[in-house]
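Take a look at the structure below.
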Amino acid sequence: MTPLIEVDAVSLRYAGAWPAPKSNALALDRVSLSVARGEIFGLVGESGSGKSTLARVILGLLQPLSGAVRIDGRDIASYRGREELAFRKRMQVVFQDSLAALDPRMRVQASLREALDLHGIGVPSRRSAVIEDLLGSVGLDPGLATRFPHQLSGGQRQRVAIARALSLSPDILIADEPVSALDLSVQAQILDLLTGLCRERGTTMLFISHDLGVVRRIARHVAVLQRGRIMETGPVADVFDRPASSYTRMLIQSIPRVDFNRLQAQLESGQPGNAGAMGTPAAGTLDAVP
Amino acid sequence: MSGSMPETLLSVRDLTLSFATRMGPLKVLRGIDLDIAANEVVALVGESGSGKSALGKSIVQLLSPPFVDGRATLSGSIRLHGEELITAPAHRLRAVRARDIAMVSQDALSGLNPVMRIGAQIAEAAQAADPALSAAAARRDARDMLAAVGLPDPDKAARDYPHQLSGGQRQRVMLALAAIRQPQVLIADEPTTALDVSVQARVLALLADLQRQSGMAMLFITHDLGVVANIAHRVAVMYAGQIIETGTVAEVFTRPRHPYSAGLISALPEAPAHHPRLAGGPPDLHNLAPGCAFMPRCRHAAMACSQPPPLKPFPGGAHALCWSPLS
Numbered sequence: 001m002t003p004l005i006e007v008d009a010v011s012l013r014y015a016g017a018w019p020a021p022k023s024n025a026l027a028l029d030r031v032s033l034s035v036a037r038g039e040i041f042g043l044v045g046e047s048g049s050g051k052s053t054l055a056r057v058i059l060g061l062l063q064p065l066s067g068a069v070r071i072d073g074r075d076i077a078s079y080r081g082r083e084e085l086a087f088r089k090r091m092q093v094v095f096q097d098s099l100a101a102l103d104p105r106m107r108v109q110a111s112l113r114e115a116l117d118l119h120g121i122g123v124p125s126r127r128s129a130v131i132e133d134l135l136g137s138v139g140l141d142p143g144l145a146t147r148f149p150h151q152l153s154g155g156q157r158q159r160v161a162i163a164r165a166l167s168l169s170p171d172i173l174i175a176d177e178p179v180s181a182l183d184l185s186v187q188a189q190i191l192d193l194l195t196g197l198c199r200e201r202g203t204t205m206l207f208i209s210h211d212l213g214v215v216r217r218i219a220r221h222v223a224v225l226q227r228g229r230i231m232e233t234g235p236v237a238d239v240f241d242r243p244a245s246s247y248t249r250m251l252i253q254s255i256p257r258v259d260f261n262r263l264q265a266q267l268e269s270g271q272p273g274n275a276g277a278m279g280t281p282a283a284g285t286l287d288a289v290p
Numbered sequence: 291m292s293g294s295m296p297e298t299l300l301s302v303r304d305l306t307l308s309f310a311t312r313m314g315p316l317k318v319l320r321g322i323d324l325d326i327a328a329n330e331v332v333a334l335v336g337e338s339g340s341g342k343s344a345l346g347k348s349i350v351q352l353l354s355p356p357f358v359d360g361r362a363t364l365s366g367s368i369r370l371h372g373e374e375l376i377t378a379p380a381h382r383l384r385a386v387r388a389r390d391i392a393m394v395s396q397d398a399l400s401g402l403n404p405v406m407r408i409g410a411q412i413a414e415a416a417q418a419a420d421p422a423l424s425a426a427a428a429r430r431d432a433r434d435m436l437a438a439v440g441l442p443d444p445d446k447a448a449r450d451y452p453h454q455l456s457g458g459q460r461q462r463v464m465l466a467l468a469a470i471r472q473p474q475v476l477i478a479d480e481p482t483t484a485l486d487v488s489v490q491a492r493v494l495a496l497l498a499d500l501q502r503q504s505g506m507a508m509l510f511i512t513h514d515l516g517v518v519a520n521i522a523h524r525v526a527v528m529y530a531g532q533i534i535e536t537g538t539v540a541e542v543f544t545r546p547r548h549p550y551s552a553g554l555i556s557a558l559p560e561a562p563a564h565h566p567r568l569a570g571g572p573p574d575l576h577n578l579a580p581g582c583a584f585m586p587r588c589r590h591a592a593m594a595c596s597q598p599p600p601l602k603p604f605p606g607g608a609h610a611l612c613w614s615p616l617s
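Chains as they are written, first to last, in this note's numbering: chain D, 1 to 290; chain U, 291 to 617.
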């Protein structure tokens, strides 16, 4: 079976804007990966690793220097005109900053309606009902439809952005750090919503995050990106439990984790009030990293 | 809440902060009690809007006039070595901020002067803390401190402007700026939140080293429980302007008493026991019910919860502000 998304040796270099001289570094360096239909694929990396650049290439918003992106076996660069519009409908995106993603002068219902109008989904007279359903499916009260983005909380806004992306029933959802700006408890709610909706609708999700814990929780496969290169890719359990590359290992060791066994032991031994782990794990090994 | 902690260095009692807004007074801190001993690291955790940064800034009174134009009211007691800071005169507060209590914030770029060289900024801080220090000695100390926080080329860094450094380097400069004063208390407000994990790990290790070597007390403000478990001795959980639970890290993480703390901790992927996921979002501080602020989100809510909850002590020194804490 052909994978739904196939990224084939994609390289990309940004032309440096004045006053920065043109950089020779590749933002993406022969990146290849494939995502099967219906799965949640995690893309992790630190800032500047090229995660969002890759998302833009897959969305067709950036042209690669070389290599190709194929959706269902067809090179996305080959779409033109009406075909391109139809193709864009199949792929939607949710960004980190929901305040920037939504038009500040449009009410929620107008933002949602715009996408439906543009792609001619359903009959116009029924669209208000569709919008109400959409809001319900992302757990929002239909009464919020007349609000402006600034009148919503961060979690609510991200729900609106998700509703808008899913209103076109895309095959592919690209979520670029969708929960990074949210509080922990809200983060968990939005992750549940995203994964639930994707599973329900059979949507394939490319989930981009710097947070390995989040990716581990929801993705089946993961690719680790560093300075434009894929360091490692594979099933989540393999990559996170038996990382093959030293970079992945370092990333995983750097995550401040709660060692419940240690804390439990400490409590039982009656050591009063000392977490005992001042200094992060593997601090020595980290100094070797540039 | 100090239990039998040795020598309380900083003691906060019944601290209340409110802002006058068009919609009436906004109570950001509602009766905070917190003790920190020398050599102790206390983590302050909570979601955005819970008041954790407000508490940090209130301790050095950066959230009261003249910093906030007259519309903020701070009351209660903040004692450093027994000296009351709330009523202290301005010159005394300046001295405290210059020497005794230092603060490191999340956004290192806004904490540094963009048109002043790094070395000069650190030397200035050193002289503010110790007016007897000569300019030459201050410069030398500044350079040594830049080396101590692990900047690869301290001489070059001293000549750099803030924008010439990376985010992780700037955060190290902020630590240098704080550490050179040899403060008794360091308030670190999300100092590593904006950093990548690998850089965060190194900055945390550095911070822990500085704390251990100097024996200073540290109030570490964060929303990241993983960081808490690795750096703090005790933890205080904030919700809607109150501390709703305190205890040693081992106590609170393995045996959370407040349903809110339990929900937060079980949201961690590595948590063993799974309490139900927290529903809803943080409350609107303008419309707080008279009782427990967490009640609308709480699965254990009962009739009593519409009254202000009591602070219940537990063996091991933990406290929870709750009518029916988990056992």
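All C-beta atoms, glycine included, are put in the ideal place defined by N, C-alpha and C.
- U:Gly607 and U:Leu352 have their C-alpha atoms some 31 Å from each other.
- Apart from sequence neighbours up to five positions away, the residues of its chain that approach U:Gly339 with a beta-carbon distance below 6 Å are Pro572, ordered along the chain.
- Annotation note: the stretch 191 to 218 of chain D contains the following uninterrupted alpha helix (DSSP H) runs of length 4 or greater, listed N- to C-terminal: 212 to 218.
- When secondary structure is reduced to three states using DSSP, D:Gly228 falls in the coil class, being assigned neither helix nor strand.
- Under DSSP, U:Lys317 takes part in a beta bridge, and its partners are U:Ser308.
- Membership of U:Met435 in the alpha helix (DSSP H) is indicated by the continuous run Ala425 to Ala438.
- In the three-state reduction of the DSSP assignment, U:Val493 falls in the helix class.
- Of U:His371, U:Glu480 and U:Gly321, the smallest CA-CA separation from U:Asp390 is found for U:His371.
- Counting along the chain, no beta strand (DSSP E) covers U:His381; the unbroken alpha helix (DSSP H) around it starts and ends at Ala380 to Ala385.
- Annotated three-state conformation of D:Met91 is strand, per DSSP.
- In the three-state scheme derived from DSSP, where H, G and I count as helix and E and B as strand, D:Gly42 is classed as strand.
- Residues Arg127 and Ile131 of the same chain have their beta carbon placed closer than 7 Å to that of D:Arg113, with the five preceding and five following residues left out of the count.
- Residues of the stretch 253 to 273 of chain D whose Cβ lies closer than 8 Å to any Cβ of chain U, in chain order: Gln253, Ser254, Ile255, Pro256, Arg257, Val258, Asp259, Phe260, Leu263, Gln264, Gln266, Leu267, Gln271, Pro272 and Gly273.
- Bounds of any beta strand (DSSP E) do not take in D:Arg127; it lies within the alpha helix (DSSP H) bounded by Arg127 to Ser137.
- Against U:Asp486, the close residues of chain D are Glu46, Ser47 and His210, in the order they occur along the chain (beta-carbon pairs closer than 8 Å).
- Contact between D:Val224 and D:Val236 does not hold, since their C-beta atoms are separated by about 11 Å, which reaches or exceeds 8 Å.
- Taking every protein chain shown into account, the CB of D:Glu232 has 16 or more other CB atoms within 10 angstroms, so this residue is buried.
- By the rule that beta-carbons nearer than 9 Å mark a contact, D:Arg229 does not touch chain U.
- Fewer than three Cβ pairs drawn from the stretch 77 to 95 of chain D and the stretch 148 to 155 of chain D lie within less than 8 Å of each other, which leaves the two stretches out of contact.
- As summarised for the stretch 478 to 556 of chain U, the continuous alpha helix (DSSP H) elements at least 4 residues long and confined to that stretch are 487 to 504, 515 to 521, 539 to 544 and 549 to 556, given in chain order.
- Three or more Cβ pairs closer than 8 Å define a contact, and the stretch 35 to 44 of chain D meets that threshold against the stretch 195 to 214 of chain D.
- Proximity of D:Val239 to chain U, defined by a Cβ-Cβ separation below 9 Å, is not satisfied.
- Contact annotation for U:His513 against chain D: Asp183 and Leu184 [CB-CB distance below 8 Å, chain order].
- From the beta-carbon of D:Gly139, no residue of chain U is found nearer than 7 Å; the closest lies around 10 Å away.
- Taking all protein chains shown into account, U:Asn520 has 16 or more neighbouring C-beta atoms within 10 Å of its C-beta and is therefore buried.
- Neighbours of D:Ala188 across chain U, judged by C-beta separation under 8 Å: Ala557, Arg567 and Leu568.
- 9 Å or more divides the Cβ of U:Phe604 from the Cβ of U:Tyr529.
- Separation of D:Asp171 and D:Pro149 (C-alpha to C-alpha, rounded to the nearest whole angstrom) is 26 Å.
- Looking only at D:Thr2, D:Glu6 and D:Leu26, the smallest Cα-Cα distance to D:Arg227 is reached by D:Leu26.
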